[in-house]
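To start, the structure itself, in structure tokens.
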Amino acid sequence: MINLEEENKELGRRYRALLRVSKTVDNKEDKARIRKAFDVAIEAHKDMRRKSGEPYVYHPIEVARIAAEEIGLGTTSIVCALLHDTVEDTDITLDDVERLFGKKERMIIDGLTKISEVVDYSVSMQAENFRKILLTLSDDVRVILIKLADRLHNMRTLDSMRRDKQLKIASETIFLYAPLAHRLGLYALKTELEDLSLKYTDPEVYEEITSKLQKSKAVRTRFVNQFTLPIKRELEAQGLKFSVKARTKSVYSIYNKIKTKHVSFEEIYDVFAIRIILETEPEREKAVCWNTYSIVTDFYQPNPDRLRDWVSTPKGNGYESLHTTVMSPGGKWVEVQIRTKRMDDIAEKGYAAHWKYKEGAQESSFDAWINKIRELLENPDLNAVDLIDDFKLNLFSEEIFVFTPNGEIRSLPKGASALDFAFEIHTEVGSHCMGAKVNHKLVPLSTELTSGDQVEIITSKKQKPNESWLDYVTTGKARTKIKSALREDKRVLAKEGKVSFEKWLRKHKITNKEENIKRLLSFFSQPSPFELYYQFEIGKLKLNRIKELQIEKGRILGKASDAKPKEDLKDLLSKTNTKEEMLVIGESMDHFDYKLSPCCNPIPGDEVFGFITIKDGIKIHKTNCPNAVQLMSNFAYRIVKARWTSHQKIAFLAGLKITGIDEVGLVNNVTKLISNELNVNMRSISFESNDGVFDGIIMVYVHDTKHLKELKTKLRQIDGVINVSRIDN
Ligand code: MN
């Protein structure tokens, strides 16, 4: 039952709550503007409800609250957040917005409407959309910040959506929005987006880590209290104002560690950072941070390799903090982060917080970042998927600082080579780079740079980019420039290739018309005429295979030995996608060519989906496959829903990783259990033992997830076995 009176009261409560958290709103005029936007939104959305049954307007109100409270945005953004869905979903027009509020509001809402058109409603080509989103960055970064608030609220309320929608939205979030939030310096928001994504893409693992974190909480708290006690006493004795926070790893980062480093939860759950936040006048910030460092290291021995000073040189996204890792009495390394209140605000709320502290802000480095992105975007040659890869390279890497011969400082991502540096200086310098002098010593252009290096580039007019250069560079800028130079070379060759290819056609009495070219493309497995001409010119086509073709009066009829042709991609797509059909694996699927993907080895009982490949039919992946996010967010239109038929007698390959204490006869016990007791077939087994600890990988054939679970339980019962977990391959 909908209780309108109660809903009206609730709206009043939400309005007051919004004003309470809008710290930057302090005058009557601003309050009146927010009230007006609030009323306009209520009126516009009055007949709409969310999937959960709530009034729709709760959503924009909540987005406005996130924008104000969690990102720290001001009146204009709050107004726009309240109105963000009106132009798209209701009768309100952009002209109305401009008339009622102003030009700036119109522009921001226009940007938001365009983003949601490209992101939310198109099913494919996420990479292209990404380019569009980034382009709006240069207009007004508030568009992105409000969009992030919108996405966060959608993620928080994802429960009421359909399962396939949940997967699509969660994949996009991890692929696109979380990295974006990270780069904008919104750490709290990024972490929550990542955790929520995991909750929907891999609910089982998410639950497992969450409950383990909960169970181990008391132990952690006790440790933190003991560890910080002497530090707190000394800070107080020196009359400093401060607060101390202990930051555990997020669920997602624990998951990531387990996955990439192959460690168990128990090995990393207690890795956390202690953060000391100091209150001080702006001019004493640096001194107070280093003074605190000195107090911390009076009590605990620091690891000299793990000192990070982002107070003297802030990171490119504005992050400032002093990090050290010290040895605790229990023999465990603990990271201590030392920063002021201002630095902490910037770290948590990112770009928006810079406005609050304008004097001390490092806005120039943010601008430099935006400019770099722009350079990438403005290259018309750049393919959108490449763009994402190149862009992500820059997103995830840490920075190093190096110097030009006359002492100018340049920032580059960690792992950058001398060649990257050359392209950073100028495209011409990069394109003709022969080698470099690092700290006055001659080195090859592939040399990796480290912070503090002074680099001089040696060029030659004769030098030009070649394919292998792509192996030495990590920056998006260098990759883009090298690729476009290579493409230019290729273009010339393809042009020459076209002429000689046409000559070749005449020689074989094949008419030069589209139908024939198409057949030759598929015959030689080439994606486009351009590629065909290029491959022809460089002599990579097996031309004598022409004998296999049937040619009559200038027309290619097909392959002489052609059997029943396989359905092509288009037919598959129309058969599977249009009717929302479910692919049932194991049933008579004679007309579908499907395979279980070796990257995640799905078995019956796993949640799966089908992916239509270009040459290899349909591949079945687990929804938590490491490649799933990439596939779903880039090629959503090629995804087919799939499920297993029940009762199969077929066996599927699955991998298990076993760790334990190396005891005599243990390997024997494991193999005996597998082959005798459970009647499971084993394909391979490998064990490795190190200082009394062993790691084993076994590949077994099982019927489904239930069967595998039984096997895991039995294995865990063997003396000496500590952990058994499934691995993807
Ligand atoms: Mn929305």
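Just so we're aligned: the sequence shown equals residues -8 to 720 in my numbering. A virtual CB, placed ideally from N, CA and C, is assigned to each residue, including glycine. Note that the coordinates shown come from a computational prediction; the quantities given were computed from them, not determined experimentally.
Any non-hydrogen atom of the ligand MN closer than 7 Å to residue i Cβ
{"i": "His417", "result": "no"}
{"i": "Asp155", "result": "no"}
{"i": "Asp76", "result": "yes"}
{"i": "His50", "result": "yes"}
{"i": "Asp597", "result": "no"}
{"i": "Asp101", "result": "no"}
{"i": "Val31", "result": "no"}
{"i": "Asp721", "result": "Residue 721 lies beyond the stretch modelled for the chain, which goes from -8 to 720, so this question has no answer here."}
{"i": "Val54", "result": "yes"}
{"i": "Asp38", "result": "no"}
{"i": "Asp411", "result": "no"}
{"i": "Asp186", "result": "no"}
CA-to-CA distance, residue j to residue i, given in whole angstroms
{"i": "Ala554", "j": "Gln541", "result": "Reliability fails at Ala554, whose pLDDT of 39 lies under 50, so the model's placement of it is uncertain and no value is given."}
{"i": "Lys557", "j": "Lys705", "result": "Low per-residue confidence applies at Lys557: pLDDT is 42, beneath 50, and the placement is therefore not dependable, though the value from the model is reported in the following sentence. Cα-Cα distance, rounded: 45 Å."}
{"i": "Leu644", "j": "Met690", "result": "7 Å"}
{"i": "Val325", "j": "Ala58", "result": "33 Å"}
{"i": "Gly309", "j": "Ser408", "result": "24 Å"}
{"i": "Leu91", "j": "Pro51", "result": "18 Å"}
{"i": "Pro766", "j": "Leu180", "result": "It is not possible to answer for residue 766, since the shown part of the chain is limited to -8 through 720."}
{"i": "Ile594", "j": "Leu664", "result": "21 Å"}
{"i": "Gly656", "j": "Gly711", "result": "10 Å"}
{"i": "Lys349", "j": "Tyr178", "result": "Caution is warranted here: a pLDDT of 45 is assigned to Lys349, below 50, making its placement in the model unreliable, and the coordinate value is therefore given only provisionally. For Lys349 and Tyr178, the distance between alpha carbons rounds to 20 Å."}
{"i": "Glu257", "j": "Arg275", "result": "41 Å"}
{"i": "Phe357", "j": "Asp87", "result": "Unreliable placement is indicated for Phe357, whose pLDDT of 46 sits below 50; the coordinate value is still reported in the next sentence. Rounded to whole angstroms, Phe357 to Asp87 spans 33 Å at the Cα level."}
{"i": "Ala586", "j": "Ile611", "result": "The displayed chain sequence assigns Lys, not Ala, to residue 586. Near 6 Å, if we compare the C-alpha coordinates of Ile611 and Lys586."}
{"i": "Ser207", "j": "Thr239", "result": "11 Å"}
{"i": "Asp150", "j": "Lys190", "result": "10 Å"}
{"i": "Asp82", "j": "His75", "result": "13 Å"}
{"i": "Thr471", "j": "Thr192", "result": "33 Å"}
{"i": "Leu220", "j": "Ser241", "result": "25 Å"}
{"i": "Ile329", "j": "Thr315", "result": "8 Å"}
{"i": "Trp635", "j": "Glu539", "result": "41 Å"}
{"i": "Asp80", "j": "Cys590", "result": "41 Å"}
{"i": "Leu313", "j": "Lys703", "result": "45 Å"}
{"i": "Ile259", "j": "Glu701", "result": "27 Å"}
{"i": "Leu2", "j": "Met39", "result": "15 Å"}
{"i": "Cys280", "j": "Ala172", "result": "27 Å"}
{"i": "Glu458", "j": "Lys452", "result": "18 Å"}
Residues sharing a beta bridge with residue i, DSSP
{"i": "Asp300", "result": "Leu313"}
{"i": "Arg330", "result": "Ile268"}
{"i": "Asp150", "result": "Beta-bridge pairing links Asp150 to no other residue."}
{"i": "Asp597", "result": "Pro595"}
{"i": "Arg40", "result": "Pro46"}
{"i": "His612", "result": "Phe600"}
{"i": "Tyr585", "result": "Ile609"}
{"i": "Met673", "result": "Val691"}
{"i": "Ala28", "result": "Partner(s): none; Ala28 has no beta bridge."}
{"i": "Arg634", "result": "Val575"}
{"i": "Met318", "result": "Trp324"}
{"i": "Arg546", "result": "Glu543"}
{"i": "Phe643", "result": "Val693"}
{"i": "Thr450", "result": "Cys424"}
Any non-hydrogen atom of the ligand GTP within 7 Å of residue i CB
{"i": "Asp141", "result": "The ligand GTP is not part of this structure, which contains only the ligand MN."}
Specify whether the segment 478 to 486 and the segment 520 to 538 touch according to this definition: at least 3 beta carbon pairs, one from each stretch, less than 8 Å apart. yes
For the segment 55 to 73 against the segment 137 to 146, are there 3 or more C-beta pairs whose distance is under 8 Å? yes
Considering only residues of the segment 198 to 262, which uninterrupted beta strand (DSSP E) runs meet the minimum length of 3 residues and lie entirely inside it, listed in chain order? As far as the segment 198 to 262 is concerned, its whole beta strand (DSSP E) runs of at least 3 residues are 232 to 239.
Three or more C-beta pairs below 8 Å linking the segment 440 to 453 and the segment 474 to 483: no
So, do the segment 446 to 463 and the segment 489 to 503 have three or more beta carbon pairs nearer to each other than 8 Å? no
Give the list of continuous beta strand (DSSP E) stretches no shorter than 3 residues that lie fully inside the segment 396 to 438. Correct list: 400 to 404, 424 to 429 and 432 to 434.
Cβ pair count under 8 Å reaching 3, the segment 242 to 249 against the segment 293 to 302: no
Cβ contact (3+ pairs, closer than 8 Å) linking the segment 7 to 22 and the segment 98 to 105: The segment 7 to 22 is not in contact with the segment 98 to 105.
Sufficient close CB pairs (3 or more, under 8 Å) joining the segment 590 to 604 to the segment 221 to 240: no
Would you check if there are 3 or more beta carbon pairs closer than 8 Å linking the segment 609 to 624 to the segment 158 to 175? Yes, the segment 609 to 624 touches the segment 158 to 175.
At which residue ranges does the segment 691 to 717 contain complete beta strand (DSSP E) runs of 3 or more residues, listed in the order of the chain? none
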